[in-house]
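Protein chains in written order, with my numbering: chain A, 83 to 418; chain B, 2 to 262.
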């Protein structure tokens, strides 16, 4: 039910117009960061204020909205944003990727391939890929203007020099249409190949930093790399323990204090869909109704999954959890 | 190509400066400076603090825009170039060594990354090649190979300055601007650095414009000398000639002010 005290989708029409203009400009110049007059939203910075404004500007009453946070539909961030739009726009919501027309996401691209007509909205903590190498905004703008992107490779060089490989595992920089270098938001680099040649529209909103950028459908997106150290979309070398999927991005979940751990799909909708089709993983009980998905922040899984703690997988560390705390896209190595 | 070949190949100046003037409001930064710099030549600019030598250098290197005058590099008008072109030039053909290595280095990036940055900026995309070149250049400026992954903040002042030089020379520039390269270093480290610079300049046939207030530095490095006072050039000529037989009253004062040990 729509709360009549607010305009449709919370923002007033003039604000939505302004945001739509920024979105159109972003789509016209793929990868270019368009400044916009970001509004204060009824949530703290770092919780998706940019994404929410972009979603609000895109929504029409016929839309069906899906909101995910780290791939999960049922975590705090996802639930609160979904409820926000249910209340202020009255749009239908769904957890199924294929049925959604607008998907707001934090730090993941759904496993189910997107299709034409869908809009994927990313929440972006720090839109400037060069920020941790060059703190001056005037200078980074000039670098974008003049296509001086050598510095981005200095970061990758430092990775290889220190770790023997490109250790950047999320917010992996990409070059769009051979022109702008873009921060794909802190998605794992496993998702990078899905950015390019995607039939859906991809929009990126950074509320605190007041920037919107976009990838139109079927854009050419290349992940930066070296000739002798090519880009690799990495994930944990396991199958999902619930649905047995071997090609989806996994979260590592500690299940007890004796070293027990399991790997589960980070995309809850994808995992549940596979289990409904009868796929089974190592830890799913045969013949019994599939257990509720053990999302780490909910902590109400099966009996053996009580004390679940989310840890970074050493093989493919997941994106940082708190984008608002400290610096979301900060490189843990401190190469800045 | 040796220095002699390079010098005899052309008698065209590499850099031609005419009537360069930069004002800060009513005050003069530098006024009506003209000179030619030939390939392989080292030009020293000396003068007291506030004499306009750093203003002149930053105008030449494109960090500031002069109010009047012309600068031609290799026959091309530098001031008429687009910013893209000028910045490309300053990444490839030119180099700038700052007085304080912290201004010229990325302190959070390893020595190898610092040297490799200019290579990557001009399109090098092969990690092994970049690292090989960085190691080679660290060797040339006498930094041990096992320091390649250390950050400059772990280096001494002299090493930082040598690292800055390596970082600047890796793309094979033809014109190097140096702003007090030995400032802030103690004398024994200065001597080693000057030795190194002299060797590099000779081996690579670099053209150098070096700004300093230290007459010993220009005596060792520079072929020609320009003496500045209050923004104007008061005397110029061959280094030995100017230092041993100063004509202008200010130059005489400058030369006689050097402390003898």
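All C-beta atoms in this analysis are idealised placements derived from N, C-alpha and C, irrespective of residue type, glycine included.
Fair warning: this is a prediction, and the values are worked out from it, not measured in the lab.
Residue 308 of chain A reaches chain B at 126, 127, 128, counting residues in chain order whose Cβ is nearer than 7 Å. Taking 7 Å as the cut-off, the Cβ atoms of residue 202 of chain A and residue 237 of chain A do not count as close. DSSP, read as helix, strand or coil, puts residue 177 of chain A in coil. Each residue's CA atom was taken as its position, placing residue 134 of chain A and residue 329 of chain A some 30 Å apart. Contact annotation: the stretch 158-172 of chain B touches the stretch 106-120 of chain B, with at least three C-beta pairs closer than 8 Å.
For the 7 Å CB-CB criterion, residue 176 of chain B and residue 95 of chain B form a contact. A check of alpha carbon separations from residue 169 of chain A across A/147, A/185, A/189 identifies A/147 as the nearest. In the three-state DSSP reduction, residue 140 of chain A falls in the helix class (H, G or I).
Contacts with chain B at 7 Å (Cβ-Cβ) include residue 232 of chain A.
Contact note: residue 236 of chain A reaches chain B through 107, 110, 114, 117, 118, 121, using a C-beta cutoff of 8 Å and chain order. If you compare the alpha carbons of A/243, A/283, A/174, A/322 with that of residue 110 of chain B, the shortest gap goes to A/243. If you look at residue 92 of chain A, you'll find it isn't in any beta strand (DSSP E); DSSP assigns it neither H nor E.
At a cut-off of 7 Å between C-beta atoms, residue 147 of chain B does not count as an interface residue with respect to chain A. With its beta carbon at least 7 Å from every one in chain A, residue 37 of chain B lies outside the interface.
The shortest C-alpha to C-alpha distance from residue 188 of chain B to any of B/218, B/208, B/166, B/78 is the one to B/218. Between residue 146 of chain B and residue 135 of chain B, the C-beta gap is not smaller than 7 Å, which leaves the two residues out of contact. Within chain A, the residues placing a beta-carbon under 9 Å from that of residue 84 of chain B are 224, 227, 228, ordered along the chain. For the options B/140, B/129, B/198, the alpha carbon positioned closest to that of residue 309 of chain A is the one of B/129. Interface with chain A (7 Å Cβ-Cβ cutoff): residue 150 of chain B is included. For residue 296 of chain A, the enclosing beta strand (DSSP E) starts and ends at 293-297. Within 9 Å of the CB of residue 46 of chain B, no CB atom of chain A is found; the nearest one sits about 28 Å away. At least one CB of chain B lies nearer than 7 Å to the CB of residue 243 of chain A. Bounds of the beta strand (DSSP E) holding residue 46 of chain B are 43-48. With 16 or more neighbouring CB atoms inside 10 Å of its own CB, residue 234 of chain B falls in the buried class. Within the model, the alpha-carbon separation for residue 79 of chain B versus residue 266 of chain A is close to 38 Å.
Contact between residue 292 of chain A and residue 120 of chain A holds, with the beta-carbon distance rounding to 4 Å and staying under 8 Å. Residue pairing by DSSP puts residue 237 of chain B in a beta bridge opposite B/227. Within the same chain, Cβ atoms closer than 7 Å to the Cβ of residue 107 of chain A are found at 116, the five residues on either side in sequence being excluded.
With a threshold of 16 other beta carbon atoms within 10 Å, residue 314 of chain A falls short and is exposed.
Under a 10 Å Cβ-count criterion, residue 128 of chain A is classified as buried, with 16 or more other Cβ atoms of the shown protein chains found around its own Cβ. At a Cβ-Cβ threshold of 7 Å, residue 296 of chain A and residue 285 of chain A count as neighbours.
Residues of the stretch 69-98 of chain B that bring their beta carbon within less than 9 Å of a beta carbon in chain A comprise 84, 85, 88, 89, 92, in sequence order. Minimum Cα-Cα distance from residue 126 of chain A among the listed residues A/336, A/159, A/235 corresponds to A/159. Counting only runs of 4+ residues, the alpha helix (DSSP H) found wholly inside the stretch 107-147 of chain B occupies 112-122, 128-141, in chain order.
Pairing residue 355 of chain A with residue 262 of chain A gives a Cβ-Cβ distance that is not under 7 Å.
Uninterrupted alpha helix (DSSP H) stretches at least 4 residues long and entirely within the stretch 21-101 of chain B occur at 54-61, 84-93, given in chain order.
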